[in-house]
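As structure tokens, the structure follows; a few thoughts come after it.
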């Protein structure tokens, strides 16, 4: 059993890490434009700043229907349209005509036409068309945005007006533009549908052409985040998305170091995040790419796809880089990227350290949150930042750069105990859970509990905690037949169940892969 427990993280990393060139594009560029098989629409990175525009494009249904978005975020939350065909005989073996009636415009504001776990979407609104929508025929579609909704015209027909009151309100975030009149556009037919797209034009209210593309050039794939992957990268989790989340990678790096030692995935992921480093003039000055799309490039559309809103993921990225260097002593890789790391560390300290407390706080001018705790003067983010700065100072020394390591860590962040504040793993968290059954005071903080325990109780408490991890918590990921995958789960609840629902747990995710590096 213990061997299988150790392998949990390894298997999750094997599935989350994608070799360069092994993930082909989900779009096919043809002489007729972009041929797209059923999938969530892929959004253009060139339209994030536009609003109240008119989108015009040509589409030909190859099977079942076609789909597009307007006023959407890069990640795909926004107004969604699906146009179904008349369903000629043989289109599908079976068709859900309740969800997708033939020759109908289906509108929804949200993620999709159906709810998926925590991806709640709005109601579907159906507009039967007065004509049959043919397959293998080109249609010219126009969608105009205004303050109250969207006017959709097909081949110059009388516009169908879709009110935006049906949509779910949301705040601006990585996933939503927060505004039903602004945001980019995207293309993608619904499940099992296939369609061609070309001759895309976007015009402002005054008629100015904002964008024009026939969707036939090679850069189209990177613009929409669907190009084949060019780096060895480790993603969020298997089958979760195509995003390279650096906070999650902090866990994956430790798993790699303790198991496969695949430096190609380490250097590929770490370098890819720095390719998306925000410019100094941006809202997130010199931040590394937090969740860059695997099939995109900052050369097309800038760093809009990188995501930066989970601010403490920047701390985790510094730790991941330091962990890689500690495991490999790869001085060449460090020398190449150290100038960017230094800019990142300096920017974080200048932007986040509250001069009144010396702890980290997110200023009002910086949209985002700390994943590990409250946004102002919280213990966990502050301790993590202190540890990240200390490790960054180690990198500075290794890079033979003059740096006053002690001065890099504000006094209020200094760790005065023997307990490492490395909160990027979950061993300590698990120890605290187990400590409720041992000699610790469960009402105190994790650090206080460790410091207040008697030396005589330490051994018993540690044995109890390890027993809980090895015999209860970690084995649950193997013995729960309904959810066991052989890989670590993103979250494990105290009763041994996966954290489904609000915790959006992936059942194959390095986030829960601590057994591999902890046992090692």
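In this note's numbering, the protein residues as written are 6 to 525. Every residue gets a Cβ at the ideal spot worked out from N, C-alpha and C, and that includes glycine.
Please determine, among the options, the residue with the shortest C-alpha to C-alpha distance to residue i.
| i | options | result |
| --- | --- | --- |
| residue 278 | 239, 89 and 265 | 239 |
| residue 113 | 387, 132 and 137 | 132 |
| residue 42 | 201, 365 and 16 | 201 |
| residue 517 | 223, 252 and 152 | 252 |
| residue 328 | 167, 522 and 287 | 522 |
| residue 304 | 94, 128, 292 and 284 | 284 |
| residue 385 | 364, 372, 371 and 398 | 364 |
| residue 206 | 300, 191 and 199 | 191 |
| residue 52 | 349, 512 and 78 | 78 |
| residue 184 | 281, 336, 55 and 248 | 55 |
| residue 332 | 140, 153 and 267 | 267 |
| residue 116 | 129, 106, 107 and 108 | 129 |
| residue 147 | 138, 250, 161 and 136 | 161 |
| residue 7 | 476, 489 and 228 | 476 |
| residue 520 | 282, 358 and 480 | 480 |
| residue 37 | 11, 98 and 204 | 204 |
| residue 377 | 368, 387 and 370 | 387 |
| residue 74 | 139, 308 and 150 | 150 |
| residue 247 | 101, 232 and 256 | 232 |
| residue 371 | 315, 306 and 361 | 315 |
| residue 342 | 95, 276, 121 and 383 | 276 |
| residue 9 | 188, 482, 471 and 137 | 482 |
| residue 159 | 512, 260 and 65 | 65 |
| residue 142 | 67, 224 and 340 | 67 |
| residue 355 | 326, 403 and 292 | 292 |
| residue 297 | 286, 330 and 254 | 254 |
| residue 249 | 223, 280, 260 and 224 | 280 |
| residue 152 | 210, 340 and 196 | 210 |
| residue 398 | 362, 366, 339 and 382 | 339 |
| residue 351 | 290, 93 and 46 | 290 |
| residue 186 | 169, 34 and 196 | 169 |
| residue 256 | 525, 524 and 514 | 514 |
| residue 535 | 288, 294 and 286 | Lying outside 6 to 525, the shown extent of the chain, residue 535 is not represented and no answer is given. |
| residue 120 | 145, 272, 82 and 93 | 82 |
| residue 348 | 309, 197, 286 and 369 | 286 |
Alpha carbon to alpha carbon, how far is residue i from residue j?
| i | j | result |
| --- | --- | --- |
| residue 319 | residue 89 | 44 angstroms |
| residue 14 | residue 21 | 10 angstroms |
| residue 540 | residue 485 | For the chain, the structure presents residues 6 to 525; residue 540 sits outside this window and is missing. |
| residue 311 | residue 221 | 25 angstroms |
| residue 235 | residue 468 | 46 angstroms |
| residue 167 | residue 155 | 5 angstroms |
| residue 69 | residue 91 | 8 angstroms |
| residue 18 | residue 494 | 11 angstroms |
| residue 324 | residue 85 | 39 angstroms |
| residue 335 | residue 389 | 24 angstroms |
| residue 400 | residue 32 | 41 angstroms |
| residue 357 | residue 313 | 14 angstroms |
| residue 126 | residue 506 | 15 angstroms |
| residue 12 | residue 264 | 9 angstroms |
| residue 353 | residue 199 | 45 angstroms |
| residue 226 | residue 301 | 7 angstroms |
| residue 25 | residue 165 | 44 angstroms |
| residue 427 | residue 405 | Since pLDDT at residue 427 reaches only 37, below the 50 mark, its modelled position is unreliable, and no value is offered. |
| residue 188 | residue 49 | 10 angstroms |
| residue 478 | residue 502 | 9 angstroms |
| residue 473 | residue 498 | 13 angstroms |
| residue 532 | residue 223 | There is simply no residue 532 to check, as the chain begins at 6 and stops at 525 in what is shown. |
| residue 567 | residue 471 | Lying outside 6 to 525, the shown extent of the chain, residue 567 is not represented and no answer is given. |
| residue 139 | residue 44 | 21 angstroms |
| residue 196 | residue 106 | 14 angstroms |
| residue 171 | residue 309 | 28 angstroms |
| residue 93 | residue 163 | 25 angstroms |
Rounded C-beta distance between residue i and residue j? I'm assuming under 8 angstroms.
| i | j | result |
| --- | --- | --- |
| residue 237 | residue 269 | 5 angstroms |
| residue 193 | residue 373 | In fact, because the Cβ distance is near 28 angstroms, the residues do not count as touching under 8 angstroms. |
| residue 299 | residue 489 | Residue 299 to residue 489, Cβ: 27 angstroms. No contact. |
| residue 108 | residue 134 | 5 angstroms |
| residue 118 | residue 104 | 7 angstroms |
| residue 345 | residue 282 | 6 angstroms |
| residue 243 | residue 30 | With a Cβ gap of about 20 angstroms, residue 243 and residue 30 do not count as contacting. |
| residue 229 | residue 47 | 4 angstroms |
| residue 366 | residue 380 | 7 angstroms |
| residue 492 | residue 16 | 4 angstroms |
Cβ contact check for the region 390-399 and the region 314-329: 3 or more pairs under 8 angstroms
yes
Inter-stretch contact (C-beta, 8 angstroms, three-pair minimum) for the region 214-228 and the region 49-64:
yes
Quick check on the DSSP output: what are the complete alpha helix (DSSP H) runs of length 4 or more inside the region 337-408, in order along the chain?
384-403
Length at least 4, wholly inside the region 221-287: the alpha helix (DSSP H) runs in chain order:
224-228, 251-263 and 268-280
Any beta strand (DSSP E) of 3 or more consecutive residues that is wholly inside the region 461-511:
none
Which residue spans inside the region 89-162 form an unbroken beta strand (DSSP E) run of at least 3?
109-115, 130-133, 143-150 and 154-159
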